[in-house]
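Protein sequences, first through last, are from chains Y and E.
Using this note's numbering, the letters of the first sequence map in sequence onto residues 47 to 315.
Using this note's numbering, the letters of the second sequence map in sequence onto residues 83 to 355.
Notes follow the structure.
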Amino acid sequence: MLRRIGIAAFAGLGALAVVVATPALVLLLYSVSGGWQSGAVFPAELTLEWYAYIVRYENALPALTLSLRIAAVTAFVALLVGAPAGYALARLPVPGRQVIELMFLAKTATPVIVVGVGTAVVFLRAGLTDTFAGIVAAHLVGALPLMIWSAASAFRAIDPALEEAAHDAGAGAFRTFLLVTLPLARPGLTAGALLAFIYSLDEFAITFLISGVEYTTLPLRLYSTLQQGYIEPAAAASVLLVAPSVVLIALVLRIVRLTDLGAAQGHAG
Amino acid sequence: MAAAAMTAPAILLFALLFLVPMASTMRLAVGGDDAEFNVARFAQALSGPYLADLWFTLVTALAAALVCVAVGTGVAMLLQALPGWARRIAEVLVLIPLVVPHIVAAYAIWLTLLPGGPLSALLAAIGLPGALADVSGGPAALVAALAWKFLPVAALTVAAALEGLDRSQLEAAQDIGAGPWQRFLAITAPQLVPAMISGGALVFIMGAAQFSITLVVYVGKSPTTIPMGIYHEAFGMGQWNMASALGLTLTIATLGGLALTIRLVRPSGAHAA
Chain Y
47 MLRRIGIAAF
57 AGLGALAVVV
67 ATPALVLLLY
77 SVSGGWQSGA
87 VFPAELTLEW
97 YAYIVRYENA
107 LPALTLSLRI
117 AAVTAFVALL
127 VGAPAGYALA
137 RLPVPGRQVI
147 ELMFLAKTAT
157 PVIVVGVGTA
167 VVFLRAGLTD
177 TFAGIVAAHL
187 VGALPLMIWS
197 AASAFRAIDP
207 ALEEAAHDAG
217 AGAFRTFLLV
227 TLPLARPGLT
237 AGALLAFIYS
247 LDEFAITFLI
257 SGVEYTTLPL
267 RLYSTLQQGY
277 IEPAAAASVL
287 LVAPSVVLIA
297 LVLRIVRLTD
307 LGAAQGHAG
Chain E
83 MAAAAMTAPA
93 ILLFALLFLV
103 PMASTMRLAV
113 GGDDAEFNVA
123 RFAQALSGPY
133 LADLWFTLVT
143 ALAAALVCVA
153 VGTGVAMLLQ
163 ALPGWARRIA
173 EVLVLIPLVV
183 PHIVAAYAIW
193 LTLLPGGPLS
203 ALLAAIGLPG
213 ALADVSGGPA
223 ALVAALAWKF
233 LPVAALTVAA
243 ALEGLDRSQL
253 EAAQDIGAGP
263 WQRFLAITAP
273 QLVPAMISGG
283 ALVFIMGAAQ
293 FSITLVVYVG
303 KSPTTIPMGI
313 YHEAFGMGQW
323 NMASALGLTL
333 TIATLGGLAL
343 TIRLVRPSGA
353 HAA
């Protein structure tokens, strides 16, 4: 019996590998393909020239730098504003809690293009179109709920007895928070900030609607490359965009469980 | 008092960046050049080509959701059945679509399903008609891209429920001689139904709302998805009022479809339980 389940499970693992890894592998192969005949399973030869190409002709590095800068500022603001809100939601009787939850739910249920159209109109009037601050602001709409969600679950997981002990030992409220609560919540806050960073780095839809002339992020650069039909350079730009996320997700997963990450995706959707 | 001070900046910022644009969208949807209340656009959004687009949007999203729930439930059970090291491999595999940004996911699917492309060649090499995979640009490629990108959402939602499953019932069933299939159908499956519904609902909402993936992987003009229609109206033709009306219609239709699905499915789930 155990043996039969074992064989079925490994067959399932193989099927999962084929379904999930094939598109990723195809993308990777296109990025190093030195010529891929129609009807061939693999490219005829391999090359790294497309990576040099996107650096030389597609301004990939300035776009990557801009994306990283925007993501850093977005994550920082999200942390600054979202961490206290997460603490309050987890620990304190917050007036209008339902209103806050309803607002985030409404954001989850509203298609990004709908928010994008409204944002484009408002930004045009406010002079935020195609600006650094405008892109950060647009990214905060998605990044902030991720940060608040992470912060709230981090603070909720702390045993109040530890804080009470510090209080009994004579520490004031602020000292307790600084020396007990904050260090315990730090991994969760870090995870939240990393998720906000990744969200901003990968954001395409709203950025596409409000930017792209002066401020071209890497996702926008990738889209213009693939729209021009440069198949292999677009694949190389894709790999360049995914690489930082892979490293960062690995960091997040040292803190957050995989199943919780699925829930976070639902919030960011 | 302290709580209000802590949440105020986040609420204000979020209201400014979400509620203000949404208010603008709502005003554009019902307002017009003559600044009168105008609902004609909603009638237009629910008839003719836009109605066909709405169906296309909801049906492709539903198809992706069904694929994700079916495959995702399998993946969740796989994660539990595999021994430690193999489970780690499966977890890394599940992570791939999660880490890949939407446009990159769409582009990867587009390349994979190119006519005469890698998958087509692979199918031909093992004696299957390669044309099965020549679907880039069409509705099948759209569903494939949505399903691939959102598979982890459904899989991880079901996996979380599976982890929290009440094992005592399974053991009791085994004690009275129930086989593995009997145990799965009578005990495990009914307990997973709520997670399958919420995982599927999430995929449905995200699928119906998708813009980036559709932009890259789907080339059809009519029918196309409502998010593409909104983009075309606003940024292609400058029809911001119509774009806004379409946006609100889609939001309401998605939520309505969701409520209906949950109502339709819940009773049978409760019955099975």
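C-beta atoms are modelled at their ideal positions from N, C-alpha and C, and glycine is treated no differently.
Item: Residue span of the alpha helix (DSSP H) that contains Y276 of chain Y, given as start and end; Value: Looking at the DSSP string, Y276 of chain Y is not in any alpha helix (DSSP H), and its letter there is neither H nor E.
Item: Beta-carbon proximity check, L95 of chain E vs V127 of chain Y, cutoff 8 Å; Value: yes
Item: Residue closest to T154 of chain Y, alpha-carbon to alpha-carbon, out of E:G318, E:A84, E:I287 and E:S326; Value: E:I287
Item: Contact the region 131-143 of chain Y vs the region 199-211 of chain Y: 3+ CB pairs below 8 Å; Value: yes
Item: L356 of chain E at chain Y interface by Cβ criterion, 8 Å; Value: Since the first and last residues shown for chain E are 83 and 355, residue 356 of chain E lies out of range.
Item: CB contact check: P211 of chain E to chain Y, cutoff 8 Å; Value: no
Item: G220 of chain E versus A231 of chain Y: straight-line alpha-carbon distance, rounded; Value: 47 Å
Item: Closer than 8 Å to chain Y by CB, S106 of chain E; Value: yes
Item: Proximity below 8 Å, CB of L140 of chain E to CB of G339 of chain E; Value: yes
Item: CB contact flag (L98 of chain E, I308 of chain E, <8 Å); Value: no
Item: Contacts around A354 of chain E, its chain only, beta-carbon distance under 8 Å, and the 5 residues preceding and following it disregarded; Value: For A354 of chain E, the predicted structure reports a pLDDT of 37, less than 50, and the residue's modelled location is therefore unreliable. A value from the coordinates is still provided. Answer for A354 of chain E: A271, P272 and V275, listed in chain order.
Item: Cα-Cα separation between A277 of chain E and V240 of chain E, rounded to whole angstroms; Value: 5 Å
Item: For R303 of chain Y, the first and last residue of its enclosing alpha helix (DSSP H); Value: It is not in any alpha helix (DSSP H) - R303 of chain Y carries neither H nor E in the DSSP assignment.
Item: Inter-residue spacing [alpha-carbon to alpha-carbon] between M47 of chain Y and D257 of chain E; Value: Any reading at M47 of chain Y must be qualified, since the residue scores a pLDDT of 46, below 50, and its modelled position is unreliable; the value itself is stated next. One C-alpha to the other measures close to 16 Å.
Item: Straight-line gap, A179 of chain Y to P103 of chain E (C-alpha atoms, nearest Å); Value: 16 Å
Item: Cβ-based neighbour list, I159 of chain Y, same chain, cut-off 7 Å, excluding 5 preceding and 5 following; Value: A251
Item: Below-8 Å beta-carbon distance, A189 of chain E vs any chain Y residue; Value: The question names Ala, but residue 189 of chain E is Tyr in the sequence shown. Chain Y, which has a Cβ nearer than 8 Å to the Cβ of Y189 of chain E, makes this yes.
Item: Buried versus exposed call for G154 of chain E [16 or more other C-beta atoms within 10 Å across all chains shown]; Value: buried
Item: Beta-carbon contacts of V119 of chain Y that lie in its chain and below 6 Å, excluding the five residues immediately before and after; Value: V182
Item: Below-8 Å beta-carbon distance, I312 of chain E vs any chain Y residue; Value: yes
Item: Sheet register partners of G219 of chain E (DSSP bridge); Value: E:Y300
Item: Interface residues of the region 127-158 of chain E facing chain Y [CB-CB below 9 Å]; Value: V153, G156 and V157
Item: Which of helix, strand or coil DSSP assigns to L359 of chain E; Value: Nothing can be reported for residue 359 of chain E: it is not among the residues displayed for chain E, which extend from 83 to 355.
Item: Interface residues of chain E facing F220 of chain Y [CB-CB closer than 9 Å]; Value: Neighbours of F220 of chain Y on chain E: none; closest Cβ ~12 Å, over 9 Å.
Item: CB contact check: A335 of chain E to chain B, cutoff 8 Å; Value: Among the protein chains in the structure shown, which are Y and E, there is no chain B.
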